[in-house]
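Asker:
Protein chains in written order, with the numbering used here: chain S, 4 to 413; chain R, 148 to 265; chain X, 6 to 108; chain D, 31 to 200.
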């Protein structure tokens, strides 16, 4: 039963005994075990990535009232593998005047910046890569590599549209990184730690989504922008700049960008689960009751975690396929004039309240946090409404006709 | 501590090798018949005019600049957030003052009209 | 931890010298700023190494390093803004040609 | 030669080679990307020094923000500087000589000090450097003043840079 309760340490211990039995030194054994473990984890992530292609195509088809891939294999499950074979045997064109090395580095960095996130993703209390004490910032650092990959790819293509797309995408990503970093501070304050394991454990009683719903909303919006998905996908706005930074990429290199985007979306769904929905745990204390103790099994936890991550991914897809694209000036204004100030207000609120309410009993703390968020949300909506009214009045002065139309519409 | 980072280091190396594998494999099996037309820069079918160095809006730079300042300041807030629990309330307010100064910069940029896409 | 402190110091010294060379020999103003970044990083290596080897409990060294990060960010922001401003007026980023204030 | 010494030397080689490329490459974009490599090497160095927080901050601030700003600036000003002609001054050997002299002097000084030959003591048990750093940055009897001054410095930089870069619309 050891295996079922702590699979990674069980296998690692067995292999350590085996390898040291062969006369290898302790340090080398550690490296070899890490090597094997990491390879297994990354291969798992990549296989999941391939399946995500199928999920994405199937779900978007349903959103658009189609059936989606259904010819190859049961429910079209073999379709993504066929896609990969197609991408691999396609001719790979490097445009003239491209910077060869950087042109190849772009897609590799793009997917690597996503894969390294899996090092800290806690699949369950016993199945995880590493429990870093700066994990939350590590998430931001990996995003920095992603930004770099886009600017490298766009620059190396030697194409106006690619460069323009890269500029837009980078302006987009770095702008929305600010509210994201600010919001990442909130789980850090609530759990009093940057380690994802500690953040998960701190939510065994109550999810942070309930303590700070506004933070969750801001995180979701900035995560979508960071991913460059619709409605923030003007980096690849087909009608304006053709395909954005990956216009010159074909074959497997394009496939890597595409796979990276899907895995990134899923991984962010996973991090949303960790930071706000209790990760692999968060059953509101249910797992402490004897009858439900099977919820503590690492394999059950992993399934729960993957389900929550898939839910986050599904929400991101839902938004992607129901929203039109936003213009770049609106998008940047939305970030700097609305999202960033709001995130800072929520941060100050959380920091001060976590101090003021610390003396209260648990339910007072939870209710105080929750209602303070509701109040802030309400005030924000009221300010927006007043602003909208003012704008409409200003517009009405300009053209009486359009005002009349709006009156009728209202 | 050290072992955790060793793990991250190995992860980084393998994470870079894994995407290279399909690229190399593709290189081996995919046909390669380059010709000038195929390799020309894609621009919706017409010939490219000039080099790809068109003039970009300096506005992109302004946003990157505001981002840089904010990024540095918010990163400093992480140690502060971690020590909240051990410190008295007025120390928390020091962090709030820090955020206040940050907001002053944002307000200035806003007032100057630098956040407009003009 | 079997690395002598002097290794770090020599590495930092080498990085500093390379940065200095870049600052003095480059024509392009942006490239000069790149050299300044290298020099600042050399300083930071020293600060963190001394923190680790001399006084790892007291955080003075790390705090200094953090302040250097802030200074580096401020320097880059203002420096590049100046370069871009000059470029817009005079269409050059060569440091020697920016000589309006020379006399 | 122990394992961490080998890692240190590899990392040092990465830093030195990248730094040399930064100051000698003709294409400015490449110089900026080599700077990223050098800064990444410094981040690894922080990890070896057990300053994990600084390592991550190095990546976030330097690679994620400062390097991006450099690349933007290079792209914005690139039109006139098409990487043609000499990128270095004609009397480049003078700075090179100066750099070598300073390096030789510093190495001479460092080797001469036997105190610098020491190796690090093990990290004391139960010390949470991350939390200590946070406390040190905001507690009034430590470094709260530099902390707030840093934020004012950044505010001043933001105001100044925005003012200058906006070109105050002549």
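Cβ coordinates follow ideal geometry from the N, Cα and C atoms, glycine included.
Note that the structure is predicted; figures quoted are calculated from it, not measured.
1) Judging by CA-CA distance, which residue of X:35, X:31, X:57, X:84 is the nearest neighbour of residue 152 of chain D?
2) Taking the alpha helix (DSSP H) that residue 267 of chain S belongs to, which residues open and close that run?
3) Starting from residue 311 of chain S and walking both ways along the alpha helix (DSSP H), at which residues does that stretch end?
4) Alpha carbons only, please: which of S:319, S:374, S:252 is nearest the one belonging to residue 273 of chain S?
5) Taking its Cβ as the centre, do 16 or more other Cβ atoms sit within 10 Å of residue 22 of chain X, making it buried, or is it exposed?
6) Does the beta-carbon of residue 70 of chain D have 16 or more other beta-carbons within 10 angstroms, so that it is buried, or is it exposed?
7) Going by beta-carbon coordinates alone, are residue 148 of chain S and residue 141 of chain S separated by less than 7 Å?
8) Please confirm if residue 64 of chain X has its CB atom under 7 Å from at least one CB of chain D.
9) Under a three-way DSSP split, which group does residue 2 of chain S fall into?
10) Over what stretch of residues does the alpha helix (DSSP H) that includes residue 253 of chain R continue unbroken?
11) Going straight from the alpha carbon of residue 189 of chain D to that of residue 194 of chain S, what length do you get?
12) I'd like to know whether the C-beta of residue 73 of chain X is nearer than 7 Å to at least one C-beta of chain D.
13) Would you verify that the beta carbon of residue 212 of chain R is, or is not, closer than 7 Å to some beta carbon of chain X?
14) What does a CB cutoff of less than 7 Å around residue 108 of chain S pick up in its chain, not counting 5 residues either side in sequence?
15) Note down, in chain order, every chain S residue with its Cβ under 7 Å from the Cβ of residue 179 of chain R.
16) Taking CB distances under 7 Å as the criterion, tell me whether residue 256 of chain R reaches chain D.
17) Alpha carbon to alpha carbon, how far is residue 221 of chain R from residue 253 of chain R?
18) Assuming residue 75 of chain X and residue 63 of chain D make a contact with CB atoms under 8 Å, what is their CB distance in whole Å?
19) With a cut-off of 8 Å on the beta carbons, I'd call residue 1 of chain S and residue 105 of chain S a contact; round off their distance for me.
20) Following a CB-centred definition, is residue 323 of chain S positioned closer than 6 Å to any heavy atom of the ligand NAD?
21) With residue 122 of chain S and residue 155 of chain R assumed to form a contact (beta carbons below 8 Å), what rounded beta-carbon distance in angstroms separates them?
22) Report back the beta-carbon spacing between residue 167 of chain D and residue 68 of chain X to the nearest angstrom; my notes put them in contact at under 8 Å.
23) Could you tell me the alpha carbon to alpha carbon distance between residue 245 of chain R and residue 197 of chain S, rounded to whole angstroms?
24) Quick check: residue 338 of chain S and residue 164 of chain S, are their CB atoms within less than 7 Å of each other?
25) When you compare only the Cα positions, how much space is there between residue 293 of chain S and residue 304 of chain S?
26) Apart from the five residues just before and just after residue 101 of chain D, which ones in its own chain have a Cβ nearer than 6 Å to its Cβ?
27) Under the three-state reduction of DSSP, which class applies to residue 111 of chain D: helix, strand or coil?
28) So residue 72 of chain D contacts chain S; which residues on that side make the cut at Cβ distance below 9 Å?
29) Could you please give me the residues that DSSP links to residue 131 of chain S through a beta bridge?
30) Give the range of the alpha helix (DSSP H) segment to which residue 49 of chain S is assigned.
31) Short of 7 Å Cβ to Cβ, which residues in the stretch 225-241 of chain R face chain D?
32) Does the beta carbon of residue 37 of chain X sit closer than 7 Å to a beta carbon anywhere in chain D?
33) Three or more C-beta pairs under 8 Å: does that hold for the stretch 90-100 of chain S against the stretch 224-233 of chain S?
34) Using a Cβ-Cβ cut-off of less than 8 Å, give me the residues of the stretch 42-75 of chain D that come near chain X, in sequence order.
35) Using 10 angstroms around the beta-carbon of residue 236 of chain R, count the other beta-carbons present and answer buried if the total reaches 16, otherwise exposed.
36) What are the boundary residues of the alpha helix (DSSP H) that includes residue 177 of chain D?
Answerer: So, to answer that:
1) On the fourth chain, position 122 is the one that residue 152 of chain D refers to. Checked all of X:35, X:31, X:57, X:84; the closest Cα to residue 152 of chain D is X:57.
2) Here residue 267 of chain S corresponds to residue number 264 of the first chain, with the count starting at 1. Its alpha helix (DSSP H) spans residues 254-279.
3) Within the first chain, numbered from 1, the residue matching residue 311 of chain S stands at position 308. Per DSSP, residue 311 of chain S belongs to the alpha helix (DSSP H) from 301-323.
4) Translated into the one-based positions of the first chain, residue 273 of chain S becomes position 270. Nearest option by C-alpha distance: S:319.
5) If you number the third chain from 1, residue 22 of chain X lands on position 17. Buried is the call here.
6) Reading the fourth chain from its first residue, position 40 is the one you call residue 70 of chain D. Buried is the call here.
7) Residue numbering aside, residue 148 of chain S sits at position 145 when the first chain is read from its first letter. Residue numbering aside, residue 141 of chain S sits at position 138 when the first chain is read from its first letter. No, these two residues do not count as a Cβ contact at 7 Å.
8) Indexing the third chain from 1 puts residue 64 of chain X at position 59. Judged by the 7 Å Cβ criterion, residue 64 of chain X is in contact with chain D.
9) The structure shown does not extend to residue 2 of chain S, since chain S spans only 4 to 413, so no value can be given for it.
10) Counted from its first residue, the second chain places residue 253 of chain R at position 106. 236-258 is the extent of the alpha helix (DSSP H) around residue 253 of chain R.
11) Numbered from 1 along the fourth chain, position 159 holds the residue referred to as residue 189 of chain D. Numbered from 1 along the first chain, position 191 holds the residue referred to as residue 194 of chain S. Roughly 35 Å separates the two Cα atoms.
12) Counting from one through the third chain, the residue named residue 73 of chain X turns up at place 68. Not an interface residue.
13) As a working mapping, residue 212 of chain R is identified with position 65 in the second chain. Judged by the 7 Å Cβ criterion, residue 212 of chain R is in contact with chain X.
14) Taking the first residue of the first chain as position 1, residue 108 of chain S is located at position 105. Within the same chain, residue 108 of chain S has close Cβ partners 155.
15) As a position in the second chain, residue 179 of chain R is number 32, starting the count at 1. Result: 94.
16) Residue numbering aside, residue 256 of chain R sits at position 109 when the second chain is read from its first letter. Closer than 7 Å to some Cβ of chain D, the Cβ of residue 256 of chain R qualifies, so yes.
17) In the second chain, counting from the first residue as 1, residue 221 of chain R sits at position 74. In the second chain, counting from the first residue as 1, residue 253 of chain R sits at position 106. C-alpha separation (whole angstroms): 13 Å.
18) The count along the third chain starts at 1 and reaches residue 75 of chain X at position 70. The count along the fourth chain starts at 1 and reaches residue 63 of chain D at position 33. With a Cβ gap of about 24 Å, residue 75 of chain X and residue 63 of chain D do not count as contacting.
19) Because chain S is modelled from 4 through 413, residue 1 of chain S falls outside the range shown and cannot be assessed.
20) Absent from the structure shown: the ligand NAD. Ligands present: none.
21) Residue 122 of chain S sits at position 119 when you count from the first residue of the first chain. Residue 155 of chain R sits at position 8 when you count from the first residue of the second chain. Contact holds; Cβ gap of about 6 Å.
22) Residue mapping note: residue 167 of chain D aligns to position 137 of the fourth chain, counting from 1. Residue mapping note: residue 68 of chain X aligns to position 63 of the third chain, counting from 1. About 6 Å; that satisfies the 8 Å criterion.
23) Numbered from its first residue, the second chain carries residue 245 of chain R at position 98. Numbered from its first residue, the first chain carries residue 197 of chain S at position 194. Approximately 21 Å between the Cα atoms of the pair.
24) As a first step, residue 338 of chain S must be located in the first chain, where it is residue number 335. As a first step, residue 164 of chain S must be located in the first chain, where it is residue number 161. No.
25) Walking along the first chain from the start, residue 293 of chain S turns up at place 290. Walking along the first chain from the start, residue 304 of chain S turns up at place 301. If I take the Cα positions, the gap works out to 16 Å.
26) Residue 101 of chain D sits at position 71 when you count from the first residue of the fourth chain. Correct list, in chain order: 62.
27) One-based indexing of the fourth chain puts residue 111 of chain D at position 81. Residue placement at residue 111 of chain D cannot be trusted, given a pLDDT of 49 that sits under 50; the coordinates are not used to answer.
28) By 1-based counting over the fourth chain, the position of residue 72 of chain D is 42. What residue 72 of chain D touches in chain S: nothing, since even the nearest Cβ is about 14 Å away.
29) Taking the first residue of the first chain as 1, we reach residue 131 of chain S at position 128. As computed with DSSP, residue 131 of chain S is found in a beta bridge with S:125.
30) In the first chain, counting from the first residue as 1, residue 49 of chain S sits at position 46. Run containing residue 49 of chain S: 29-66, per the alpha helix (DSSP H) assignment.
31) 226, 227, 229, 230, 233, 234, 238, 241
32) On the third chain, position 32 is the one that residue 37 of chain X refers to. No, because no Cβ of chain D sits closer than 7 Å to the Cβ of residue 37 of chain X.
33) no
34) Residues of the stretch 42-75 of chain D that bring their beta carbon within less than 8 Å of a beta carbon in chain X comprise 42, 45, 46, 49, 50, 52, 53, 58, 61, 62, 65, 68, 69, 72, 75, in sequence order.
35) Indexing the second chain from 1 puts residue 236 of chain R at position 89. Exposed, because fewer than 16 other Cβ atoms sit within 10 Å of the Cβ of residue 236 of chain R.
36) Residue mapping note: residue 177 of chain D aligns to position 147 of the fourth chain, counting from 1. Segment 174-196, the alpha helix (DSSP H) holding residue 177 of chain D.
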